[in-house]
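Asks: Residue numbers (UniProt numbering): 1 to 428.
So this is what it looks like as structure tokens:
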């Protein structure tokens with residue numbers, strides 16, 4: 001009977017070592033740093049493991065191998081009397097015993113614990129930290145010898161072994177994992193959700209291109225170089241802008257911008273006070289342009305497409321909004337229309353981003369790299385500019401064009417065939 005107990009204990013410890021190995025590898029070091037004040041003893045133990053990861057992994061492997069050896073030896077003794085009744089060949093019996101033991105070890109000692117301990121690795125580390133420390137100390141001589149032998153073998157084979165870093169460092173993956181946990185845990189906390197989203201935007205900022213944040217050409221306020229002073233003054237007053245772009249011949253040849261203070265101070269010779277403006281490609285990284293703004297002490301740039309034509313403009317505010325969200329100041333225009341007028345009906349500006357509409361109203365409008373806005377979605381699926389009161393079917397949605405500004409889709413009515421996700425969730 002004692003053999004059965006030893007087999008069970010060795011199998012459980014094998015599962016424990018396998019699980020703690022995957023828990024350590026999958027654990028989030030940043031989450032641990034944020035929570036380590038809760039238990040000083042546990043924190044010290046786990047910190048030691050993080051500072052000596054190779055030694056920790058070696059200890060888990062040594063412990064696992066010891067358990068497997070004990071399990072295999074006793075398992076063979078227990079199975080032999082039963083298998084000998086119908087297997088007379090010793091070689092075949094050994095093979096069958098190995099297969100049975102391997103299957104048990106794979107499922108009980110490998111697959112199951114590694115799946116279980118991967119779910120919340122930081123929690124498992126905190127729970128078993130004291131026990132792990134005892135095992136670590138007991139097996140330290142064996143694991144240290146194994147480490148030296150491994151390093152010596154690698155050096156004999158010509159591999160270059162460098163000294164292991166001793167400091168705990170946090171990777172981008174650690175922070176992404178922490179943010180995902182925060183999303184899942186704080187779904188109902190709107191303030192926390194905004195903070196988490198801000199951190200997520202900061203992480204993603206390095207991949208943001210100017211094409212993702214510039215003001216399109218159709219919305220750019222610009223005047224010709226030979227415009228009279230009264231018209232320029234009137235435009236400043238009507239738009240409330242502090243800067244207006246100036247071009248020669250056409251908008252594809254922007255020469256700079258005039259600030260309202262300089263225009264009002266030098267009404268007769270305001271052209272001499274036009275400030276140069278950076279010209280940047282639309283595939284330029286927003287992060288790079290922000291550095292350029294700081295170096296040149298500028299806050300506005302002209303974005304050009306691959307053919308050299310003006311695609312739009314981008315301001316420092318547009319770039320900052322990629323991290324902090326919408327920023328309103330005294331010169332901003334009114335917000336774009338986004339209003340729910342019925343259980344399944346919405347009034348939306350064509351300039352709204354599809355992703356933002358989905359998040360706000362719990363919709364599932366199709367996303368694509370080919371477009372960003374509601375107007376872009378309609379044009380992509382319809383193929384040409386719609387007329388006023390014309391309806392366009394896109395999957396489970398109907399878009400009715402309510403207002404056009406030239407070739408620009410200004411306002412649409414969205415009708416959903418099924419209830420939005422948020423409405424369906426609240427109804428249930």
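Cβ atoms here follow ideal geometry from the backbone N, Cα and C, with glycine treated the same way.
Mapping the DSSP letters down to three states, classify residue 18 as helix, strand or coil.
Replies: Sequence index remark: in the chain shown, residue 18 carries index 18 (1-based). Helix at residue 18.
Asks: Among 365, 259, 144 and 382, which has the Cα closest to the Cα of residue 246?
Replies: If you number the chain shown from 1, residue 246 lands on position 246. Here the closest residue by C-alpha is 259.
Asks: Could you tell me whether any Cβ in chain C is nearer than 8 Å to the Cβ of residue 403?
Replies: In summary, chain C is missing from the structure at hand, where a single protein chain is found.
Asks: Looking at C-alpha atoms only, which residue of 139, 134, 98 and 11 is the closest neighbour of residue 45?
Replies: Here residue 45 refers to the residue found at position 45 of the chain shown. For residue 45, the nearest C-alpha among the options comes from 134.
Asks: How many angstroms separate the CA atom of residue 309 from the CA atom of residue 158?
Replies: Here the question's residue 309 lines up with position 309 in the chain shown. Here the question's residue 158 lines up with position 158 in the chain shown. Going from the Cα of residue 309 to the Cα of residue 158 covers about 57 Å.
Asks: Which runs of the alpha helix (DSSP H) spanning at least 4 residues fall entirely within the stretch 351-426, listed in chain order?
Replies: For the stretch 351-426, whole alpha helix (DSSP H) runs of length 4 or above, ordered along the chain, are 354-361 and 374-382.
Asks: Roughly how many angstroms separate the alpha carbons of residue 28 and residue 118, rounded to a whole number?
Replies: If you number the chain shown from 1, residue 28 lands on position 28. If you number the chain shown from 1, residue 118 lands on position 118. Taking the straight line joining both Cα atoms gives about 11 Å.
Asks: Between residue 375 and residue 253, what straight-line distance do the alpha-carbon atoms span, to the nearest angstrom?
Replies: Here residue 375 refers to the residue found at position 375 of the chain shown. Here residue 253 refers to the residue found at position 253 of the chain shown. Each residue's Cα considered, the two are about 27 Å apart.
Asks: Is residue 21 buried or exposed, if buried means 16 or more other CB atoms sit within 10 Å of its CB?
Replies: Position 21 of the chain shown holds residue 21. Residue 21 is buried by the Cβ-count criterion.
Asks: If contacts are defined as beta-carbon pairs under 8 Å, then residue 251 and residue 285 qualify, I think. What distance do you get, rounded to the angstrom?
Replies: One-based indexing of the chain shown puts residue 251 at position 251. One-based indexing of the chain shown puts residue 285 at position 285. The pair is not a contact, with the Cβ atoms about 25 Å apart (cut-off 8 Å).
Asks: Once DSSP output is grouped into helix, strand and coil, what is the label at residue 346?
Replies: Position 346 of the chain shown, counting from 1, holds the residue named residue 346. Correct three-state label for residue 346: strand.
Asks: Is the separation between the beta-carbon of residue 274 and that of residue 255 shorter than 8 Å?
Replies: Reading the chain shown from its first residue, position 274 is the one you call residue 274. Reading the chain shown from its first residue, position 255 is the one you call residue 255. Yes, the pair counts as a contact, with Cβ atoms nearer than the cut-off.
Asks: Put residue 336 into one of helix, strand or coil per three-state DSSP.
Replies: Translated into the one-based positions of the chain shown, residue 336 becomes position 336. Residue 336 falls in the coil class under three-state DSSP.
Asks: Taking a contact to mean a Cβ-Cβ separation below 8 Å, would you say residue 292 touches residue 263 in this structure?
Replies: Within the chain shown, numbered from 1, the residue matching residue 292 stands at position 292. Within the chain shown, numbered from 1, the residue matching residue 263 stands at position 263. Not closer than 8 Å, so no.
Asks: Nearest CA to the CA of residue 400: which residue from 64, 412 and 40?
Replies: Indexing the chain shown from 1 puts residue 400 at position 400. Ranking 64, 412 and 40 by Cα distance to residue 400 puts 412 first.
Asks: Measuring alpha carbon to alpha carbon, tell me which residue in 59, 282 and 24 is nearest residue 142.
Replies: Translated into positions along the chain shown, residue 142 becomes position 142. The residue with the shortest Cα to Cα distance from residue 142 is 59.
Asks: Under a three-way DSSP split, which group does residue 430 fall into?
Replies: In the structure as shown, the chain starts at 1 and stops at 428, and residue 430 therefore has no counterpart that could be examined.
Asks: Roughly how many angstroms separate the alpha carbons of residue 398 and residue 112, rounded to a whole number?
Replies: Sequence index remark: in the chain shown, residue 398 carries index 398 (1-based). Sequence index remark: in the chain shown, residue 112 carries index 112 (1-based). Rounded to the nearest angstrom, the two C-alpha atoms are 48 Å apart.
Asks: Given that a residue counts as buried once 16 or more other Cβ atoms are within 10 Å of its Cβ, and exposed if not, what is residue 121?
Replies: Counting from one through the chain shown, the residue named residue 121 turns up at place 121. The residue is buried, with at least 16 neighbouring Cβ atoms inside 10 Å.
Asks: By DSSP's criteria, residue 279 is part of a beta bridge. Which residues make up the other side?
Replies: Here residue 279 corresponds to residue number 279 of the chain shown, with the count starting at 1. Paired residue(s): 302.
Asks: Identify the residues that DSSP records as bridge partners of residue 312: which are they?
Replies: Indexing the chain shown from 1 puts residue 312 at position 312. Per DSSP, 216 and 303.
Asks: Considering just the uninterrupted stretch of the alpha helix (DSSP H) at residue 256, what are its terminal residues?
Replies: On the chain shown, residue 256 is found 256 positions in, with the first residue counted as 1. Counting along the chain, residue 256 falls outside any alpha helix (DSSP H), though it belongs to the beta strand (DSSP E) covering 254-259.
Asks: Where do the N-terminal and C-terminal ends of the beta strand (DSSP E) with residue 243 fall, by residue?
Replies: Looking up residue 243 in the chain shown gives position 243. 243-247 is the extent of the beta strand (DSSP E) around residue 243.
Asks: By alpha-carbon positions, which one of 388, 24 and 208 ends up nearest to residue 410?
Replies: Taking the first residue of the chain shown as 1, we reach residue 410 at position 410. Nearest C-alpha to residue 410: 388.
Asks: What separation, rounded to the nearest whole angstrom, lies between the Cα atoms of residue 170 and residue 54?
Replies: In the chain shown, counting from the first residue as 1, residue 170 sits at position 170. In the chain shown, counting from the first residue as 1, residue 54 sits at position 54. At residue 170, the pLDDT of 48 sits below 50, so the modelled position is not reliable and the matter cannot be decided from this model.
Asks: Looking at residue 6 and residue 74, is the spacing between their C-beta atoms short of 8 Å?
Replies: Residue numbering aside, residue 74 sits at position 74 when the chain shown is read from its first letter. Residue numbering aside, residue 6 sits at position 6 when the chain shown is read from its first letter. Taking 8 Å as the Cβ cut-off, residue 74 and residue 6 qualify as a contacting pair.
Asks: Tell me, please, whether the stretch 212-230 touches the stretch 309-318 by the rule of three or more beta-carbon pairs shorter than 8 Å.
Replies: The stretch 212-230, when compared against the stretch 309-318, does touch it at the 8 Å Cβ threshold.
Asks: Quick check on the burial criterion: 16 or more other C-beta atoms within 10 angstroms. Buried or exposed for residue 280?
Replies: The residue labelled residue 280 in the question sits at position 280 within the chain shown. Label assigned to residue 280: buried.
Asks: Can you list, in chain order, the stretches of the alpha helix (DSSP H) that have 4 or more residues and sit fully within the stretch 64-134?
Replies: Fully enclosed alpha helix (DSSP H) runs of 4 or longer: 90-104 and 112-119.
Asks: What number of angstroms, rounded off, separates the C-alpha of residue 127 from the C-alpha of residue 9?
Replies: Residue numbering aside, residue 127 sits at position 127 when the chain shown is read from its first letter. Residue numbering aside, residue 9 sits at position 9 when the chain shown is read from its first letter. In a straight line, the C-alpha of residue 127 is about 19 Å away from that of residue 9.
Asks: Sorted by chain position, which residues of the same chain lie with C-beta nearer than 6 Å to residue 408's C-beta, five sequence neighbours on each side aside?
Replies: Reading the chain shown from its first residue, position 408 is the one you call residue 408. Contacts found: 218.
Asks: Is it true that the CB of residue 71 sits closer than 8 Å to the CB of residue 14?
Replies: Numbered from 1 along the chain shown, position 14 holds the residue referred to as residue 14. Numbered from 1 along the chain shown, position 71 holds the residue referred to as residue 71. For residue 14 and residue 71, yes; Cβs fall inside 8 Å.
Asks: Please confirm whether residue 282 and residue 304 have their CB atoms less than 8 Å apart.
Replies: As a position in the chain shown, residue 282 is number 282, starting the count at 1. As a position in the chain shown, residue 304 is number 304, starting the count at 1. Contact flag set, yes.
Asks: Quick one: what's residue 223 bridged to in DSSP?
Replies: If you number the chain shown from 1, residue 223 lands on position 223. Answer is 246, bridged to residue 223.
Asks: Using DSSP bridges, identify the partner residues of residue 285.
Replies: Counting from one through the chain shown, the residue named residue 285 turns up at place 285. Looking at the DSSP assignment, residue 285 forms a beta bridge with 209.
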